[in-house]
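Residue numbers (my numbering), protein chains in the order written: chain A, 1 to 297; chain B, 298 to 543.
Okay, structure coming up:
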C-alpha cells in the first residue's frame, strides 16, 4: 500500500517536472493541443464535424502559429481537445491541454491551480427580458422568476446580489444556456441573467429577436483569458507576446468584428455586441488581473 | 492535484470565508448546509417517485395478467409507452411540452412534475416485473382460487399476489436503488438536488474532486440503505417452503 503510494507520488513528480516546460514539450512533439469549447457563444463553439471556431478559438490558432515561428519549427500540428466547465482545469493541469482559450473567467480561486494569459475579453453579466415586460432594472425583479444556467458564476452573482440588496428572486435553473433561454421564451421565467455575449447570441438565434432585449445594470464583470499551466513563465511570455502583437497590429480587433458584429455560421446571424469599454480598457493596458480586482473598482 | 482541501465544505456560499463550525449561522449558508439540503431534495424526489412507481407499476402489472383483454391492453400500452422513451426526454416532455399543450400545468411546481416523470418511467419497469412474478406461478394456483369460490379480486389478494410479490422483491430492490440514481435527472428541471449542487459548487469553489467525491458518497449511502431495508423486508416476509423461503 505504502509502496504503491510512493510510486504514484514519484510518477506524479516526474510528470510535474516534465510538464513545467510547455515550450520544450511543443518543440519536441511538434504538436500543441488547444482546449476548445463546444458552446461558449461567439467566443468559442463548434460547427460539428470536429470544426471549432469563434473569437478565442481563432485567436488561439494565431498564437499557435506565432509559437511555431518562435520555436523555429517548419510545421506544428494543432490538435483540438473539446473541454467543459467541469474538466477544463484538470485537463490543463495534467498536460492533456496546453492552451485553453474559451470562456474561462480569470479568478483568484483558479489561479491556485492554473495561470492565465492577459485578458482578451471582459464579460459583463446582464439581464435579458421580454421586450414587452417593462422590466428595466434588477430592482424590478424582486419576487419574480429569474433563470440562469447551472454550473455558471452567474448563479453565485445572483445569490450575492440577493443578499446585498435584501431582495428575493425565485431562481430557476436551466441545464444549459439554450435551456435557460427556453425558460424565458416560454414564460417560465421573467428574466435570464447571464454573460452579455451569451444573451446576445441566444437572442440573435431566437424565432423573433425583437421580442427580447438586454436591460439593466452590469451585475458582474469577469475577465476572460486563455488558461495555461501554472509556473511556466517562458510559455506565458510567449503566449502574452503573441496576444499583444495581435492587439497592436489590429488583427484582434478585426477578429472581434468578424465574430461579434458580422453574420457568423452556422445560422449566419449577427451577435451584434459592440466591444465594451471594459474590453477596450483591457486591450489598452494588457494585464492578467483576476476578477476580484475588477470588483474592487 | 497538490493536496486535498476538504475545508471547502465549511466555506460560506456568499463570501467564501471558512466558518469555524462548518454550518452557517443566522441565515448564512455553507457548502455543507447546501449539500445536505441537496441530499434532502434527492431523497424527496426519489422516495416520492418510488411510491408512485410501486403503486402504478403494481396496478399495471396486475392488469397485464387479468383475463380482461381491455385491461391487458391498457397495461401493455402503459408499459411500452414509458419504457421506450429515454428518461431525460420524458422529463423534458413533462416540463416543456405538456405545459405548452395544457396551460394549467404551467402552475404545477417542477418538483411534482419530475416526481411523476420519474415515477411513471420506473412504474413501467415495475409493471414488467410484477407481471413476470405473477406469471411465474403455476396456472393451477389461479384455478384453485377461483374453484374455491373466490372472486377474481379475492384470488389475486389472497392467493396470487402474496406469492408473486415475495418472488419479485429482489428486482424491486434494484429498481428502488435505480430510482435514487435516476433522480439526478431532476437537476435538468431546476430541482436543487445533489447533481445540481455538484455542478454548481465545483464551478464556484474550483474544488471539483472533493465535491464530486462527497456527492458520490451520499448517492452510494442512499442507495445502499435502500438495499439494506429491502433485504430486511425480504427476510421478514419469507415463508418457509415457498420460493425464496428457507
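No residue lacks a Cβ here, since even glycine has one placed at the ideal position from N, Cα and C.
Test: residue 246(A) CB closer than 9 angstroms to a CB of chain B: Using beta-carbon distances, residue 246(A) does not count as an interface residue toward chain B, since no partner is under 9 angstroms.
First and last residue of the uninterrupted beta strand (DSSP E) at residue 116(A): Per DSSP, residue 116(A) belongs to the beta strand (DSSP E) from 114-116.
Proximity below 9 angstroms, CB of residue 255(A) to CB of residue 116(A): Cβ distance not < 9 angstroms, so residue 255(A) and residue 116(A) don't count as in contact.
Through-space distance from residue 40(A) to residue 98(A), alpha-carbon basis: Whole-angstrom Cα-Cα distance: 19 angstroms.
Contact under 9 angstroms by Cβ, residue 30(A) with residue 76(A): Taking 9 angstroms as the Cβ cut-off, residue 30(A) and residue 76(A) qualify as a contacting pair.
Per-residue DSSP class, three states only, for residue 389(B): Of the three classes helix, strand and coil, the one that applies to residue 389(B) here is helix, per DSSP.
CA-to-CA distance, residue 226(A) to residue 73(A), given in whole angstroms: So the two alpha carbons sit approximately 23 angstroms from each other.
Exposed unless 16 or more other CB atoms sit within 10 angstroms - verdict on residue 352(B): Flag for residue 352(B) reads exposed.
Same chain only: Cβ atoms within 8 angstroms of residue 141(A), ignoring 5 sequence neighbours per side: Closer than 8 angstroms at the Cβ level, and outside the excluded window around residue 141(A), lie 127, 135, 167, 169, 190 and 191.
Partners in chain B for residue 98(A), counting only beta-carbon separations shorter than 9 angstroms: Result: empty, since nearest Cβ-Cβ is about 18 angstroms, beyond 9 angstroms.
For residue 138(A), the first and last residue of its enclosing beta strand (DSSP E): Residue 138(A) -> no beta strand (DSSP E), and no H or E assigned at all.
Paired residues, beta bridge with residue 368(B) - DSSP: Per DSSP, residue 368(B) has no beta-bridge partner at all.
Within chain B, partners of residue 35(A) - CB distance below 8 angstroms: What residue 35(A) touches in chain B, judged by beta-carbon distance under 8 angstroms, is nothing: the nearest beta carbon there is about 16 angstroms away.
Enclosing alpha helix (DSSP H) for residue 432(B) [first to last residue]: Looking at the DSSP string, the run of the alpha helix (DSSP H) that includes residue 432(B) is 407-432.
Reference residue 218(A), options 183(A), 21(A) and 138(A), closest by Cα: In terms of CA proximity to residue 218(A), 138(A) leads the group 183(A), 21(A) and 138(A).
Whole runs of the alpha helix (DSSP H) within the segment 458-512 of chain B, excluding any shorter than 4 residues: Taking only runs of at least 4 residues, the alpha helix (DSSP H) segments lying wholly in the segment 458-512 of chain B are 458-479 and 491-502.
Euclidean distance between Cα positions of residue 337(B) and residue 402(B): Going by the C-alpha atoms only, they are around 25 angstroms apart.
Residue 466(B) versus residue 537(B) - alpha carbon distance: One C-alpha to the other measures close to 16 angstroms.
Chain A contacts from the segment 490-502 of chain B (Cβ-Cβ distance under 8 angstroms): Within the segment 490-502 of chain B, the qualifying residues are 493, 496, 497, 499, 500, 501 and 502.
Proximity winner among 381(B), 332(B), 456(B) and 311(B), relative to residue 324(B) (alpha-carbon distances): Per the Cα distances, 311(B).
Any chain B beta carbon closer than 9 angstroms to residue 253(A): Not closer than 9 angstroms to any Cβ of chain B, the Cβ of residue 253(A) fails to qualify, so no.
Alpha carbon of residue 131(A) to alpha carbon of residue 392(B), nearest angstrom: Going by C-alpha positions, residue 131(A) is about 24 angstroms away from residue 392(B).
Segments assigned alpha helix (DSSP H), at least 4 residues, entirely inside the segment 60-109 of chain A: Secondary structure remark: continuous alpha helix (DSSP H) runs of at least 4 residues inside the segment 60-109 of chain A, in chain order: 88-93.
DSSP-derived helix/strand/coil call for residue 51(A): In the structure shown, residue 51(A) sits in a strand (DSSP, three-state: E or B).
Beta-carbon proximity list for residue 1(A), same chain, < 8 angstroms, skipping 5 on both sides: At residue 1(A), the pLDDT of 46 sits below 50, so the modelled position is not reliable; the number obtained from the coordinates is stated separately. Contacts found: none.
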